[in-house]
């Protein structure tokens with residue numbers, strides 16, 4: 001079953017990526033990650049590791065904390 | 001070789017944990033993670049996954065983004 005936190009993280013990543021005008025393939029190339037891996041994160045089916053979170057943040061030119069600044073993944 | 005981003009993340013986690021007055025063991029119990037795993041994250045030798053980041057944030061009663069709000073893990 002899908003983990004709603006992973007799904008929320010993925011949706012927020014997709015939003016940030018589109019704001020930067022990048023395709024999944026372009027983000028993958030910059031971050032040195034496979035396009036299918038980026039796709040899996042955005043669909044909430046990949047449990048991405050800390051080092052890859054940092055790679056993706058750098059590739060998007062955002063702070064890692066921004067990848068978590070979404071209502072969908074906050075808790076009370 | 002130690003990854004400076006993992007080390008920075010671990011130091012910041014340790015700071016937040018101590019601010020909450022929790023031992024590694026107590027945090028581990030709340031987050032349902034082994035104390036040695038918490039120790040490894042704080043020493044920057046564990047590449048923690050997204051689901052465990054969310055567990056730790058919840059256990060510390062902070063937003064996941066706060067785990068990344070540290071000068072040591074920001075980039076230009």
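Residue numbers (the UniProt record's numbering), protein chains in the order written: chain A, 1 to 76; chain B, 1 to 76. We put the beta carbon where it would ideally sit given N, CA and C, even for glycine.
Query                                                                                                                                         : Result
Is residue 23 of chain B helix, strand or coil by DSSP?                                                                                       : coil
Output yes if chain B places a C-beta closer than 8 angstroms to the C-beta of residue 39 of chain A; else output no.                         : no
Which one or two residues does DSSP pair with residue 49 of chain B in a beta bridge?                                                         : A:49
What residue range is occupied by the uninterrupted alpha helix (DSSP H) comprising residue 44 of chain B?                                    : Where residue 44 of chain B is concerned, there is no enclosing alpha helix (DSSP H), given that its DSSP letter is neither H nor E.
Buried or exposed: residue 19 of chain B, going by 16 or more other Cβ atoms within 10 Å of its Cβ?                                           : exposed
Name the chain A residues that come within less than 9 angstroms of residue 48 of chain B, Cβ to Cβ?                                          : 49 and 50
Does the beta-carbon of residue 42 of chain A have 16 or more other beta-carbons within 10 angstroms, so that it is buried, or is it exposed? : buried
Find out if the Cβ-Cβ distance for the pair residue 31 of chain B, residue 68 of chain A is shorter than 8 angstroms.                         : no
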